[in-house]
Structures are given as C-alpha cells and as structure tokens.
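J.: This is the structure, below, for whatever I ask next.
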Amino acid sequence: MRLLFIGDIVGRAGRAALLETLPKLRIAWGLDCVVVNGENAAGGFGITETICADFVAAGADCVTLGNHAFDQREALVFIARQPRLIRPLNYPRGTPGRGANLIETASGARVLVVNLMGRIFMDAMDDPFAAIEHEIAACPLGIGCDASVVDFHAEASSEKQAFAHFVDGRVSLVVGTHTHVPTADHQILPHGTAYVTDAGMTGDYDSVIGMEKEEPVRRFTTKLPVTRFEPAAGQATLCGVAVEIDATGLAAKIAPVRIGGRLAQSRPDFWEGS
17 MRLLFIGDIV GRAGRAALLE TLPKLRIAWG LDCVVVNGEN AAGGFGITET ICADFVAAGA
77 DCVTLGNHAF DQREALVFIA RQPRLIRPLN YPRGTPGRGA NLIETASGAR VLVVNLMGRI
137 FMDAMDDPFA AIEHEIAACP LGIGCDASVV DFHAEASSEK QAFAHFVDGR VSLVVGTHTH
197 VPTADHQILP HGTAYVTDAG MTGDYDSVIG MEKEEPVRRF TTKLPVTRFE PAAGQATLCG
257 VAVEIDATGL AAKIAPVRIG GRLAQSRPDF WEGS
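Mapping to our numbering: the sequence shown position 99 is 115, numbers consecutive.
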C-alpha cells in the first residue's frame with residue numbers, strides 16, 4: 017500500500033498548494049490512501065464544510081484535525097455527517113464527531129485513521145495512550161484493518177516519540193503534527209512502525225509558522241497584540257511523508273515530501289518514475 021500523509025494545511029496558500037498538487041500526485045505515485053491534516057485550513061483556524069469537501073474531491077481519503085478543530089463553529093454541526101473528517105479521539109466524552117474511522121480505499125483496503133492530541137503544553141485532554149489502546153484492541157492491525165495511521169497532534173517532541181514507541185509494531189504510521197516545522201527524523205522503528213516527529217505544514221514558509229510575520233514579531237517584542245494573526249499568502253510548500261506499507265500492515269519505506277515554495281525539495285525516490 018502506498019500512503020501519503022500531508023501536514024497541516026494553513027490558509028489560502030496551503031489550500032491552493034494541496035488542490036493543485038494532490039490530484040497529480042495520486043496519479044503519478046499510484047497512491048492508495050491520502051490523509052491530510054486540515055485544522056488550520058480556514059484562515060489559519062479550523063475548517064469549513066466546503067473546504068473539507070474540496071480536500072476530499074482533490075483526493076484526500078481522510079482529513080484530520082487538532083486543537084483548532086472547532087474554531088469554525090459550523091464544524092460542530094457538519095462533522096457529524098462527514099465520516100472522513102476526524103477530530104482528536106481524546107476530546108471529552110460527548111464532543112461531536114469521531115476520533116477514529118475505518119476508511120475503505122478505492123482498491124478495497126481498510127485503513128484505520130486515528131487522530132489524537134498530546135497533553136504537554138496543550139489543552140487538558142484525556143489520556144492519549146489509554147485512548148489508542150482501546151482503538152488498537154477494537155481494530156487490530158492485520159485483522160480489523162490492513163493499515164493504520166495515527167496523527168498525533170502535539171507540541172512536545174518527547175511526548176510524540178514516547179507515544180510512537182508505545183505503539184511500535186501495532187500501527188503502520190505515527191506522524192506528528194501541530195508545530196508546523198518538518199523534522200528530519202523520519203524512520204522505521206524497531207518493530208515496524210513508520211514515524212516522524214512533525215510532518216511540517218503545507219503553507220508559506222516566509223512566515224512565523226504560517227502566519228504573516230509582522231504581528232507575531234510585534235507580540236514577541238512588545239507583548240502587545242495589535243491585529244489578529246493572518247495566514248501568510250506567498251507560495252506554499254506542500255509537506256508530508258510518503259510511506260510504503262507491506263502485506264503485514266507495517267512500514268517498509270518512509271521518505272519526506274516537500275514540493276514547491278521555499279524549502280529544499282524532497283520526493284520519495286522509491287515512487288518517482290514508477
């Protein structure tokens with residue numbers, strides 16, 4: 017199975033990069049499954065029903081969220097009727113939507129997609145370690161699903177790494193999101209789970225984590241907010257990770273993806289030209 021995860025889509029620039037690039041990648045790389053984090057897609061804060069539908073139409077099999085999941089109030093309503101939109105599983109009981117779903121790909125493969133939030137330097141949430149144990153027990157790799165992806169939306173790299181080792185050998189991919197900066201530690205862990213601490217954002221990197229520079233710099237230097245944060249509008253870099261999954265449901269290959277914009281470009285050599 018060929019799986020592509022695309023990191024946090026930030027604002028109009030990020031959306032444009034995704035909508036232009038993803039349909040081409042699905043064909044060129046023969047992708048079986050695409051998961052996109054869309055929690056910053058609507059003006060940098062949350063997602064709307066129209067944007068979610070656009071992502072699915074462009075080739076996303078599933079859209080994950082994070083701490084901005086419900087910044088757009090309409091998400092409180094439409095998330096219940098959109099099975100491909102996944103909010104963090106460890107929100108309190110009664111939160112609208114679902115934190116995991118079994119997605120069937122065009123080829124008939126079953127991919128379990130789970131979204132979780134960390135608790136270090138983040139809002140108080142239920143225990144993500146206990147939450148994933150429940151999901152793995154309910155849908156074990158190789159029995160209930162052919163592959164499984166966990167979007168771990170968290171601030172602390174140590175928490176992301178600990179979580180990945182906790183589930184190593186029991187899920188196909190653990191990918192960190194939230195910090196908007198791609199890390200260089202993509203690897204396959206000892207028991208076969210692919211991992212990267214942060215996939216990076218899909219947005220304009222001439223920015224402060226996707227936002228126009230002036231207001232964040234002003235707040236750091238004066239401690240005074242003057243205007244609201246606005247997403248940077250320059251050319252975006254599409255960032256993520258490419259993972260090839262073998263017949264056991266574990267990872268055989270992983271590579272970073274960076275296309276367009278300011279960052280050094282990177283494409284998976286094991287799919288290019290195939």
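Cβ atoms here follow ideal geometry from the backbone N, Cα and C, with glycine treated the same way.
As the structure is a computational prediction, the values presented were derived from the model and not from experiment.
1) Below 7 Å CB to CB, which residues in the same chain sit around Ala180 once its five sequence neighbours on both sides are set aside?
2) Quick one: any contact between the segment 164-179 and the segment 88-95, if contact means 3 or more CB pairs under 8 Å?
3) Throw me the rounded Cβ distance for the Gly62 and Ala85 pair, which I believe falls under 8 Å.
4) Measuring CA to CA, which of Ala163, Ala74, Ala146, Val187 is closest to Ile22?
5) To the nearest whole angstrom, what separates the beta carbons of Arg28 and Ala163, a pair I think is in contact under 8 Å?
6) Rounded to the nearest angstrom, what separates Ala76 and Thr193 at their Cα positions?
7) List the endpoints of the continuous beta strand (DSSP E) containing Lys269.
8) What residue from Ala125, Leu81, Leu41, Arg278 has the CA that sits closest to Pro112's CA?
9) Considering only DSSP beta bridges, list what Asn117 is partnered with.
10) Going straight from the alpha carbon of Ala116 to that of Leu41, what length do you get?
11) Short check: CB of Ala267 to CB of Ser174, under 8 Å?
12) Would you list the residues sitting across from Leu101 in a DSSP beta bridge?
13) Would you list the residues sitting across from Glu260 in a DSSP beta bridge?
14) Unbroken alpha helix (DSSP H) runs of length 4 or more, entirely within the segment 122-188: which are they?
15) State yes or no: is the C-beta of Gly200 within less than 8 Å of the C-beta of Gly256?
16) How about Ile148 and Gln203: do their beta carbons lie closer than 8 Å?
17) When you compare the segment 152-169 with the segment 46-62, are there three or more beta-carbon pairs, one atom per stretch, that lie closer than 8 Å?
18) Taking all protein chains shown into account, do 16 or more other C-beta atoms lie within 10 angstroms of the C-beta of Asp24, making it buried, or fewer, making it exposed?
19) Which runs of the beta strand (DSSP E) fall wholly inside the segment 187-265 and span at least 3 residues, in chain order?
20) Measure from the alpha carbon of Gly289 to the alpha carbon of each residue in Leu19, Trp45, Met17, then state which is nearest.
21) Quick one: measure Cβ to Cβ for Cys68 and Gln98, integer angstroms, because I've assumed they're closer than 8 Å.
22) Ignoring anything shorter than 4 residues, give me the alpha helix (DSSP H) runs that lie fully in the segment 41-95, in order along the chain.
23) If the criterion is Cβ atoms closer than 8 Å, does the pair Met133 and Pro108 meet it?
24) Between Val129 and Thr121, is the Cβ-Cβ spacing less than 8 Å?
25) For Phe245 and Met227, what's the separation of their Cα atoms in angstroms?
26) Output the distance between the C-alpha atoms of Arg283 and Ala252, rounded to the nearest integer angstrom.
27) Apply the 10 Å Cβ neighbour rule to Gly30 and answer buried if 16 or more other Cβ atoms are within range, or exposed otherwise.
28) Considering only C-alpha positions, which residue in the set Ile152, Thr195, Pro156, Gly276 is nearest to Ile136?
T.: So, from the data block:
1) Result list for Ala180: Val190, Leu205, Thr209, Tyr211, in chain order.
2) With the rule of 3 Cβ pairs closer than 8 Å, the segment 164-179 does not count as touching the segment 88-95.
3) Right, the Cβ-Cβ distance comes to about 7 Å (below 8 Å), so this counts as a contact.
4) In terms of Cα proximity to Ile22, the closest of Ala163, Ala74, Ala146, Val187 is Ala74.
5) The Cβ separation is near 32 Å, so there is no contact.
6) Rounded to the nearest whole angstrom, the CA to CA distance from Ala76 to Thr193 is 17 Å.
7) For Lys269, the enclosing beta strand (DSSP E) has its first and last residue at 267-275.
8) Checked all of Ala125, Leu81, Leu41, Arg278; the closest Cα to Pro112 is Leu81.
9) According to DSSP, Asn117 bridges with Val129.
10) Distance between the alpha carbons of Ala116 and Leu41 is about 25 Å.
11) Taking 8 Å as the Cβ cut-off, Ala267 and Ser174 do not qualify as a contacting pair.
12) Looking at the DSSP assignment, Leu101 forms a beta bridge with Val79.
13) Looking at the DSSP assignment, Glu260 forms a beta bridge with Arg18, Lys269.
14) Fully enclosed alpha helix (DSSP H) runs of no fewer than 4 residues occupy 144-154, 173-183 of the segment 122-188, in order along the chain.
15) The question names Gly, but residue 200 in the sequence shown is Ala. Not closer than 8 Å, so no.
16) Not a contact, by the Cβ cut-off of 8 Å.
17) Output reads yes: the segment 46-62 touches the segment 152-169.
18) It is buried - the Cβ of Asp24 has at least 16 other Cβ atoms within 10 Å.
19) The qualifying runs are 189-193, 210-212, 254-261.
20) For Gly289, the closest C-alpha among the options Leu19, Trp45, Met17 is that of Trp45.
21) That belief holds up - the Cβ atoms of Cys68 and Gln98 are roughly 6 Å apart, short of 8 Å.
22) Counting whole runs of 4 or more residues, the segment 41-95 contains the alpha helix (DSSP H) stretches 65-74, 91-94.
23) No.
24) At a Cβ-Cβ threshold of 8 Å, Val129 and Thr121 do not count as neighbours.
25) When rounded, the distance between both Cα atoms is 6 Å.
26) Between the alpha carbons of Arg283 and Ala252 lies a distance of about 16 Å.
27) Counting of Cβ neighbours within 10 angstroms places Gly30 among the buried residues, the total reaching 16 or more.
28) Taking Ile136 as reference, the option from Ile152, Thr195, Pro156, Gly276 with the minimal CA-CA separation is Thr195.
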